[in-house]
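S.K.: Residue numbers (the working numbering), protein chains in the order written: chain A, 1 to 332; chain B, 1 to 332; chain C, 1 to 332.
For every residue, glycine included, the Cβ atom is placed at its ideal position computed from N, Cα and C.
Just so it is clear, the structure is predicted and the values come from calculations on it, not from any experiment.
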């Protein structure tokens, strides 16, 4: 694995200002780790002796496991922080918790928090302290979830060219994101990545309560084009990739939706509805899935149509790449 | 450690169809790992780069720690799944959770669930997907707990011949299992293993509410003989080994038992009662123990009579053997 | 790292009987691990193949993470025990839990419990069983927290002589501990360590409800001198180091204090109040901190005055030293 001299970003908080070169470095690096993961011994000593702390102030299993595995496969030592048993219940501030992990010798912090902005605030504080630590946003409120969007991008580009996944493969593609865009940090990060390539078309679809017009300005001045739809059909028509989002059941009690059945009828992705798309359309979902709500159960399980399993596999390679680039940048 | 060319089983879900050869391979392999554990550096690189995921949908500390340590001593990377903080609370199905861990690159899944059949269903699904992953049942409802029964067998055979623990050492032995057989997955797995040797006698004893006659058919056609008793004495008489089972206190509220004291008076194992057994009788218990209920406190602590501590030690060696055989079989 | 032939202590439960030689061995060993932690690869193979079990019957994140990282940097395998998901809820005794971890092959047990005496009782039982295992008290009720006091000592001595931190550097120093002495295991352990050097002066300050006279006898016959004050000023006057303690909010509901504001007015450490001390005074706090209660927020963040971050960093080196000495003593 050659050192990436062009990687200069210490923290990964948002994809809003990611450059095309950065996307391509992530895609290439993830692809070389994908090769590592196909070996019998799936480990490299890249981060040996470094400490990756998973600070999950919001509980999670799958994302935490994915980062933990990525870190272990880079031979890092990992520390897991569980919010429920933590000093937070003793009144310590989040910044003080982060500083404690810094002082213990943490090199990379992977942070999830239910409030938008927390990983960014920690990164800012770390820089103010001149701390040589990288902060990776693993999901902050309804703001962003960059590693998820990067693994989605990697999954898509890998399908288009397994030898050389790169951003410009999106150039003539139409991608739809369907569902609860308003509350989705996954969608927000994907809006940045999937409009980063010239000629790409990203279509958002959802009911007006879950897709307000405020998303339109995110497309201003982007290389790709952004479209909003309050109906499913125009988004699916001719699409190459369809990403459905998890629908959280509390949206019902918040009166944003009449019922799960109604939602499924209007915006659920089914085999039938995919007839509107390109013949070789593929479906993505960030997981965990509510089967029969945002996606029909048989569609989810169809390996010819669903990329859900590949997304999870890509996740480990992409997170290895991110930790490696952040860790390597630090030592450069 | 030579490769076991005769081991072909990918999953370990139940001991119902375990062959004598399989028992002997497990016993021999565990014995060579016992030797490893006596060294100063207690690790072997057998599963380096492989991932063992402990999916404990039902919380556990001792069994999970035992598997985690076994995996680490084989140099595997481990992932722990805690049901309480998991996507399950977000509506994801158990099969989807397992598939997520598969897609991350898990090689071996150690699964505990409060419902019988879950590990088996996951194994079936993994095979249907043609996934090269092994599933080990670490306890499913009241069904089975194979690794516990195998460590019990190893503990017994090791005492009988430390150089060559093997199934046929049970040939002329009488073993009693006492207590809440009905609700015990440990007992169910042990019924299969302890009747696997020709000439072995397995005696079950418990009150009728906890030992219904439905267990009798499990002895049909087995090499060893199975007996049921609603009183303690005939089971203990001349026994070489006595295994007591944990009595869960909720059995009282379910009106299956009058009181803990009554239970102890009728079926509790004490030093006095062991007078009925062979002079060199030994006592086993799968833990955790309710002292003074199923076993008297002084008996539990007597190293001349109790094998409880050896069972825990054997557990790590046996689990190393199982993970090794499943992992090696996969690569063969 | 040379073997310390003079270290004979198997367990670390209390500092009450720590000798000057023992303090100096810990300080020197921690200092050599501090050098290891400044390297790029911060690991040594000292405890390879050994198992360190963190048995935290009382939840904790920072102390557990510090011990876990220390163990991993010594290349030990670690097991974490979470009280909430444990067999304890199934009626198993604490001693039986410890014996289970012993039987699994644990070499070193790091134990925290809300009741004073539990780690000591486990250590006694382990010795009675002639088990070659070391027990380290990571905080037991209001009794002691030796590793915290040792890291405080290391932090102080390191500042006084980074090349050769040693106990006699305290000889002409005045150190103040301020706050809820009564309920603090940290204070109790520090009373022993900070009165261990001839010529040292340790001043305790707090309101009478949180600093009863019963602490005075702890100074009898110690090499250093112990003073008690019910006001802050005489403790601060001319002090070289000021340690503030965490104030637990439940002290209010227990009617031991009128209000947090009142407490801060009387005993909170602020930049102004430090004018009474030596010009180069430094402030310590064991964390987690209630900002604006026991210490003002700006003071806590002032790197010229606060040693809080160094304490956390020292913690890893000191815990590596303790585990190393206990582990090495065991093999000697």
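1. Measuring straight from C-alpha to C-alpha, what distance separates residue 215 of chain A and residue 64 of chain C?
2. Beta strand (DSSP E) containing residue 187 of chain A: first to last residue?
3. What residues in the region 66-82 of chain C have a beta carbon less than 8 Å from any beta carbon of chain B?
4. Return yes when the Cβ of residue 152 of chain B is within less than 8 Å of the Cβ of residue 107 of chain B, no when it is not.
5. Verify the CB distance criterion: does residue 103 of chain C have a CB-CB separation below 8 Å to chain B?
6. Applying a beta-carbon distance threshold of less than 8 Å, which residues of chain B neighbour residue 313 of chain A?
7. By the 10 Å Cβ neighbour count, where 16 or more other Cβ atoms means buried, how is residue 96 of chain C classified, buried or exposed?
8. First and last residue of the alpha helix (DSSP H) that includes residue 107 of chain C?
9. DSSP on residue 210 of chain A, reduced to helix/strand/coil?
10. Along chain F, which residues have their Cβ under 8 Å away from the Cβ of residue 93 of chain A?
11. Using the Cα positions of residue 1 of chain B and residue 46 of chain B, report the straight-line distance between them to the nearest angstrom.
12. Could you tell me which whole alpha helix (DSSP H) segments of length 4 or greater appear in the region 207-271 of chain C?
13. Can you find a C-beta in chain C that's less than 8 Å from the C-beta of residue 43 of chain A?
14. Interface residues of chain C around residue 100 of chain A at Cβ under 7 Å?
15. Reducing DSSP to helix, strand and coil, say where residue 306 of chain A ends up.
16. At a cut-off of 7 Å, is residue 272 of chain B close to the ligand NAD when judged by its beta-carbon and the heavy atoms of the ligand?
17. Answer yes or no: do residue 110 of chain C and residue 69 of chain B have a C-beta to C-beta separation smaller than 8 Å?
18. If we ignore side chains and look at the alpha-carbon of each, how far apart do residue 275 of chain A and residue 289 of chain A end up?
19. What three-state label does DSSP hand residue 8 of chain A in the structure shown?
20. Could you pull the start and end residues of the alpha helix (DSSP H) that residue 29 of chain A belongs to?
21. Given residue 158 of chain A, which residues of its chain have a CB within under 8 Å of its CB, disregarding the five upstream and five downstream residues?
22. Going along the chain, which residues of its own chain have a beta-carbon closer than 7 Å to the beta-carbon of residue 37 of chain C, five neighbours each way excluded?
23. At what residues does the alpha helix (DSSP H) containing residue 40 of chain A begin and finish?
24. Would you say residue 40 of chain C reaches chain A, if we count a Cβ-Cβ gap shorter than 8 Å as a contact?
25. Quick check: the Cα distance between residue 188 of chain A and residue 79 of chain C, rounded to an integer number of angstroms?
26. How would you list, in chain order, the residues of chain B whose beta-carbon sits under 9 Å from the beta-carbon of residue 127 of chain C?
27. Between the C-alpha atoms of residue 122 of chain A and residue 139 of chain A, what's the straight-line distance to the nearest angstrom?
28. If residue 94 of chain C and residue 57 of chain C are in contact, beta carbons under 8 Å, what's the gap, nearest whole angstrom?
29. Considering only the alpha carbon of each residue, which of A:103, A:271, A:131, A:148 lies closest to residue 112 of chain A?
30. Just to make sure I have the definition right: I need the residues of chain B whose C-beta is within less than 7 Å of the C-beta of residue 309 of chain A. Which are they?
31. Measuring straight from C-alpha to C-alpha, what distance separates residue 53 of chain B and residue 67 of chain A?
32. Label residue 184 of chain B either buried or exposed according to how many other C-beta atoms from any shown protein chain fall within 10 Å of its C-beta, with 16 as the threshold for buried.
33. According to the neighbour-count rule (16 or more other Cβ atoms, all chains shown, within 10 Å of its Cβ), is residue 255 of chain A buried or exposed?
34. When the distance is taken between beta carbons, is residue 202 of chain B closer than 8 Å to residue 177 of chain B?
35. Would you mind sorting residue 249 of chain B into buried or exposed? The rule is 16 or more other CB atoms within 10 Å of its CB.
36. Following the continuous alpha helix (DSSP H) through residue 118 of chain C, name the residue where it begins and the one where it ends.
M.R.: For this structure:
1. 43 Å
2. No beta strand (DSSP E) holds residue 187 of chain A; the alpha helix (DSSP H) holding it covers 185-194.
3. 77, 79, 81, 82
4. no
5. yes
6. 103, 104, 105
7. buried
8. Where residue 107 of chain C is concerned, there is no enclosing alpha helix (DSSP H), given that its DSSP letter is neither H nor E.
9. coil
10. The structure shown contains no chain F; the protein chains it does contain are A, B and C.
11. Low local confidence applies: a pLDDT of 48 at residue 1 of chain B is under 50, so the model's placement there is unreliable, with the coordinate-based value given in what follows. So the two alpha carbons sit approximately 9 Å from each other.
12. 233-236, 250-253, 260-267
13. no
14. 62, 287, 312
15. strand
16. Of ligands this structure carries none, so the ligand NAD is not represented either.
17. no
18. 22 Å
19. coil
20. 20-37
21. 31, 34, 165, 310, 314
22. 316, 317
23. Here residue 40 of chain A belongs to no alpha helix (DSSP H), and DSSP marks it neither H nor E.
24. yes
25. 38 Å
26. Near residue 127 of chain C there are no residues of chain B at all, since even the closest Cβ is about 15 Å away, more than 9 Å.
27. 13 Å
28. 7 Å
29. A:148
30. 99, 103
31. 14 Å
32. buried
33. exposed
34. yes
35. exposed
36. 118-128
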